[in-house]
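A.B. asks: Chains as they are written, first to last, in the numbering used here: chain A, 151 to 465; chain B, 6 to 162.
Positions of the beta carbon are idealized from the N, C-alpha and C atoms, including for glycine.
My structure is below; once you've seen it, I'll send some questions.
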Ligand code: HEM
Ligand code: SF4
Ligand code: FES
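And the structure:
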């Protein structure tokens, strides 16, 4: 057995205790395995090795193995963690306990049911909602969003829906209907989005005793989140926004309009490269023809081309 | 092969245990959760004490009853309870102010900036956390000093 830089053995045998569940008999039990761990061995690696070499009946869920898909949330040494982002030796214990994520129904062993969790996310309408029905059903162009506006919501966009916050929340633990940190954090993300006009519609779910008012800022969601999403911050900002709106201290934001290709030049990207077509009239002719061709099938693209034409002919 | 039975799924909600028993669930770097549990417990205690308090103060209308009640204060258990109650009010009030600022006005939790490594949640490292430590510190000092004064008054030492 080799020794690594700090004098500790490079590999170590770790005892893994898994809390298992069989849905057909309803039996729940602890099972022990032993795996050799070295620097870099994740909990997910260990479970997969157990499944391959020791016990193929062990069930768990995973996909990306790199903290991007949010499938492998588990209770590891009583902490809600991503199995693929937790290294066995980092935990520093000789025995590592692995249980299914709490606050989610257990389907088998470490696999939990995310149905309620996803439904709550859908309930807050995690997409751009516009007042105009036509715009909602037949969106035809991107919306205008300045970079500083994007910065206000990007933190919440990093959510991978792993459910660690939901497992950590003491209020979810006692109130089945509570929307939970993930959905409420996303509700803040969407009502803050300048392109969105759906505040009133979302309030139906959010402005409720099982909604934003149920949170008591225990902050565990943010402490548990592997992506730095900070749902607790989102919830407090959402709630204070409702307080301010109710008190009349703040007015609802004005949403931006549909972007035209000319407004998309918001970011200063420096000068455009020299035109490769020296004779501008050739380009103009080409654009006009293309716009005409597309008139029938893709009128929006044709319109965009004409908008662009106007900018190059006016300069 | 054995007969397949209808699968039953396990409701795995932590319930009250997940709120108050620390080893059921461990969340690191989260004193806010401690404050949440204490705020709940002290709030409940205060609400239970409220009718008692109204009943007790109503006794002052009848001086004889009031005198009888004051005898109760000689009971060490009642004296101890009074001290617990005092601590509860101090913590609940101080932390309540912090919660009003955080939850009602969105103060002390920072701004939602784009996250940068190591992806620390802003709300747990902003001014709110400082307020929280101040609440704990002031509470303990007031509670202990108040206790010394109270118990000296009661003649414990
Ligand atoms: C000193 C003045 C007080 C302040 C500033 C205060 C503040 C607060 C705040 C902000 C909350 C909401 C906590 C949260 O969202 O988690 C709360 C909850 C509560 N308060 Fe007070 N409070 C005060 C006095 C009282 C008194 C005198 C009682 C009892 C009669 C009381 C009983 C409660 C109860 C039962 C709760 C609910 C606890 C929970 O849901 O966790 N409070 N208080
Ligand atoms: S907010 Fe964080 S902990 Fe919650 S589901 Fe999203 S990524 Fe996971
Ligand atoms: S396997 Fe995708 S997040 Fe862990």
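Over the uninterrupted alpha helix (DSSP H) stretch that includes residue 165 of chain A, give me the two end residues.
C.D. replies: Start at 1 with the first residue of the first chain, and residue 165 of chain A comes out as number 15. Segment 161-172 is the beta strand (DSSP E) holding residue 165 of chain A; no alpha helix (DSSP H) there.
A.B. asks: Quick check: what's the CA-CA separation for residue 179 of chain A versus residue 223 of chain A?
C.D. replies: Counted from its first residue, the first chain places residue 179 of chain A at position 29. Counted from its first residue, the first chain places residue 223 of chain A at position 73. So the alpha carbons of these two residues sit roughly 20 Å apart.
A.B. asks: Below 9 Å on C-beta distance, what does residue 140 of chain B contact in chain A?
C.D. replies: Residue 140 of chain B sits at position 135 when you count from the first residue of the second chain. Under the 9 Å cutoff, chain A gives no residues; its nearest Cβ is about 13 Å from residue 140 of chain B.
A.B. asks: Can you confirm whether residue 375 of chain A, when its beta carbon is compared against all beta carbons of chain B, has any partner nearer than 9 Å?
C.D. replies: Translated into positions along the first chain, residue 375 of chain A becomes position 225. It does: the Cβ of residue 375 of chain A has a partner Cβ on chain B nearer than 9 Å.
A.B. asks: With distances taken Cα to Cα, identify the nearest neighbour of residue 430 of chain A among A:450, A:444, A:460.
C.D. replies: Translated into positions along the first chain, residue 430 of chain A becomes position 280. When only C-alpha atoms are compared, the closest one is A:460.
A.B. asks: Pull up the distance between the alpha-carbon of residue 413 of chain A and that of residue 143 of chain B, whole angstroms please.
C.D. replies: Taking the first residue of the first chain as position 1, residue 413 of chain A is located at position 263. Taking the first residue of the second chain as position 1, residue 143 of chain B is located at position 138. With a pLDDT of 47 at residue 413 of chain A, under the threshold of 50, the modelled position of that residue is not reliable, and the figure given next carries that caveat. Approximately 55 Å, taken between the alpha carbons.
A.B. asks: Output, in chain order, the set of chain B residues within a Cβ distance shorter than 8 Å of residue 367 of chain A.
C.D. replies: Within the first chain, the letter at position 217 stands for residue 367 of chain A. What residue 367 of chain A touches in chain B: 37, 41, 104, 107, 108.
A.B. asks: Determine contact between the stretch 17-34 of chain B and the stretch 185-197 of chain A, defined as no fewer than three beta-carbon pairs at a distance below 8 Å.
C.D. replies: No, because fewer than three Cβ pairs between the stretch 17-34 of chain B and the stretch 185-197 of chain A fall closer than 8 Å, the two stretches do not touch.
A.B. asks: Within 8 Å: the Cβ of residue 218 of chain A and any heavy atom of ligand 3?
C.D. replies: For the purposes of this step, residue 218 of chain A is taken as the residue at position 68 of the first chain. Yes; taking the cut-off as 8 Å, the Cβ of residue 218 of chain A has a heavy atom of ligand 3 nearer than that.
A.B. asks: Give me the subset of the stretch 13-24 of chain B whose CB atoms are less than 7 Å from a CB atom of chain A, sorted by chain position.
C.D. replies: 13, 14, 15, 16, 17, 18, 19, 20, 21, 23, 24
A.B. asks: Mapping the DSSP letters down to three states, classify residue 250 of chain A as helix, strand or coil.
C.D. replies: Taking the first chain and counting its residues from 1, the one referred to as residue 250 of chain A is at position 100. Note: residue 250 of chain A maps to strand in three-state DSSP.
A.B. asks: What are the partner residues of residue 261 of chain A, as DSSP defines its beta bridges?
C.D. replies: The residue labelled residue 261 of chain A in the question sits at position 111 within the first chain. Bridge partners of residue 261 of chain A: A:258.
A.B. asks: Mind checking whether residue 164 of chain A and residue 239 of chain A have CB atoms under 9 Å apart?
C.D. replies: Counted from its first residue, the first chain places residue 164 of chain A at position 14. Counted from its first residue, the first chain places residue 239 of chain A at position 89. Yes, the pair counts as a contact, with Cβ atoms nearer than the cut-off.
A.B. asks: Taking 9 Å as the threshold (beta carbon to beta carbon), is residue 61 of chain B in contact with chain A?
C.D. replies: Position 56 of the second chain, counted from the start, is the residue given in the question as residue 61 of chain B. Closer than 9 Å: no.
A.B. asks: Using the Cβ count rule (16 or more neighbours within 10 Å means buried), how would you classify residue 355 of chain A?
C.D. replies: Taking the first residue of the first chain as position 1, residue 355 of chain A is located at position 205. With 16 or more Cβ atoms within 10 Å of its Cβ, residue 355 of chain A is classed as buried.
A.B. asks: Do residue 114 of chain B and residue 387 of chain A have their C-beta atoms within less than 9 Å of each other?
C.D. replies: Residue numbering aside, residue 114 of chain B sits at position 109 when the second chain is read from its first letter. Residue numbering aside, residue 387 of chain A sits at position 237 when the first chain is read from its first letter. A contact, by the Cβ cut-off of 9 Å.
A.B. asks: Tell me which residues pass a beta-carbon proximity test against ligand 1: closer than 6 Å to any heavy atom, given in chain order.
C.D. replies: A:366, B:44, B:45, B:48, B:49, B:51, B:52, B:55, B:97, B:98, B:101, B:102, B:104, B:105, B:108
A.B. asks: Identify the contact partners of residue 324 of chain A in chain B, using a Cβ-Cβ distance below 7 Å as the criterion.
C.D. replies: As a first step, residue 324 of chain A must be located in the first chain, where it is residue number 174. Going along chain B in sequence order, the residues near residue 324 of chain A (Cβ under 7 Å) are 20, 21, 24.
A.B. asks: Considering only residues of the same chain and omitting the five flanking positions on each side of residue 100 of chain B, which have a CB-CB separation below 6 Å?
C.D. replies: By 1-based counting over the second chain, the position of residue 100 of chain B is 95. 40, 44, 140.
A.B. asks: Name the chain D residues whose beta carbon is nearer than 8 Å to that of residue 118 of chain B?
C.D. replies: In the displayed structure, chain D is absent; the protein chains listed are A and B.
A.B. asks: Assign residue 214 of chain A to buried or exposed, taking buried as 16 or more other Cβ atoms, counted over all protein chains shown, within 10 Å of its Cβ.
C.D. replies: In the first chain, the residue the question calls residue 214 of chain A occupies position 64. Burial call: exposed.
A.B. asks: Taking all protein chains shown into account, do 16 or more other C-beta atoms lie within 10 angstroms of the C-beta of residue 28 of chain B, making it buried, or fewer, making it exposed?
C.D. replies: Taking the second chain and counting its residues from 1, the one referred to as residue 28 of chain B is at position 23. It counts as exposed.
A.B. asks: Would DSSP call residue 232 of chain A helix, strand or coil?
C.D. replies: On the first chain, residue 232 of chain A is found 82 positions in, with the first residue counted as 1. Note: residue 232 of chain A maps to strand in three-state DSSP.
A.B. asks: Out of A:336, A:319, A:332, point me to the one whose CA is closest to residue 42 of chain B's CA.
C.D. replies: For the purposes of this step, residue 42 of chain B is taken as the residue at position 37 of the second chain. With distances taken between Cα atoms, residue 42 of chain B lies closest to A:319.
A.B. asks: Under 9 Å between C-beta atoms, does residue 251 of chain A make it to chain B?
C.D. replies: On the first chain, residue 251 of chain A is found 101 positions in, with the first residue counted as 1. Contact of residue 251 of chain A with chain B is assigned, a C-beta pair being separated by under 9 Å.
A.B. asks: Is the stretch 116-130 of chain B close to the stretch 148-155 of chain B, with three or more CB pairs under 8 Å?
C.D. replies: no
A.B. asks: Pairs of beta-carbons, one from the stretch 324-342 of chain A and one from the stretch 382-398 of chain A, closer than 8 Å: are there three or more?
C.D. replies: Contact holds between the stretch 324-342 of chain A and the stretch 382-398 of chain A, because three or more Cβ pairs, one in each stretch, are under 8 Å apart.
A.B. asks: Using C-beta distances below 6 Å, list every residue in its chain close to residue 437 of chain A, excluding the 5 sequence neighbours before and after it, in chain order.
C.D. replies: Counting from one through the first chain, the residue named residue 437 of chain A turns up at place 287. Excluding positions up to five away in sequence, the list reads 455, 459.
A.B. asks: Find out if the Cβ-Cβ distance for the pair residue 194 of chain A, residue 233 of chain A is shorter than 9 Å.
C.D. replies: As a first step, residue 194 of chain A is located in the first chain; it is residue number 44 there, counting from the start. As a first step, residue 233 of chain A is located in the first chain; it is residue number 83 there, counting from the start. Cβ distance < 9 Å, so residue 194 of chain A and residue 233 of chain A count as in contact.
A.B. asks: Measuring CB to CB, does residue 352 of chain A end up less than 9 Å from residue 279 of chain A?
C.D. replies: The residue you call residue 352 of chain A lines up with position 202 of the first chain. The residue you call residue 279 of chain A lines up with position 129 of the first chain. Going by C-beta atoms, residue 352 of chain A is nearer than 9 Å to residue 279 of chain A.
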